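> 77 is the number of the first residue of the sequence shown in the numbering used here; add one for each residue after it.
By construction, the Cβ of each residue, glycine as well, lies at the ideal position given by its N, Cα and C atoms.
Computed from a predicted structure; not experimentally measured.
Before I ask anything, let me first share the structure, which is written out below as C-alpha cells.
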Amino acid sequence: LGRAAAEHDTALEVNSNPRRLDLWGSAVQAALEEGAAIAINTDSHQPSTLEYMRWGVHTARRGWAEPADVINTWELADLREFLH
Numbered sequence: 077l078g079r080a081a082a083e084h085d086t087a088l089e090v091n092s093n094p095r096r097l098d099l100w101g102s103a104v105q106a107a108l109e110e111g112a113a114i115a116i117n118t119d120s121h122q123p124s125t126l127e128y129m130r131w132g133v134h135t136a137r138r139g140w141a142e143p144a145d146v147i148n149t150w151e152l153a154d155l156r157e158f159l160h
C-alpha cells in the first residue's frame, strides 16, 4: 500500500479518532519505508474533537514519522507541488 501511495503521489491517512485509528504505527513505518507521505486527520465533526489530533500524532510517531513525512507540516509551496 505504501509503495502504491508513493508511486501515485498519494498520502496515507492517519485517522486520529480514537474509535478508528485505521493506520497503526507499524503500518505507518512500513508506508514510510516505501516512500509514502502521511496525512494526519482529526476526523472532527465538532470543535471538541479537534483534540483527537494528539492521537494521530502519537500514532505517526509510533511509526517513526518525522515532520518531513507528514504533509500537515509542509510549507504551502511543497504541499501544492505534491498535490499538483
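What is the DSSP secondary structure of L115, reduced to helix, strand or coil?
Reading off the sequence, residue 115 comes out as Ala, not Leu. Here A115 sits in strand by DSSP.
> Kindly indicate if chain B contains any beta-carbon less than 8 Å away from that of R96.
Of the chains in the structure shown, none is chain B; there is only one protein chain.
> In angstroms, rounded to a whole number, what distance separates the CA positions of A238 and E142?
Missing from the structure shown is residue 238; the chain here goes from 77 to 160 and no further.
> Could you compute how far the alpha carbon of E89 sits from the alpha carbon of N117?
7 Å
> Hey, would you say L99 sits closer than 8 Å to T125, going by beta carbons?
Against a cut-off of 8 Å, the Cβ pair of T125 and L99 comes out as no contact.
> Would you call G111 buried or exposed, if buried means 16 or more other Cβ atoms sit within 10 Å of its Cβ?
exposed
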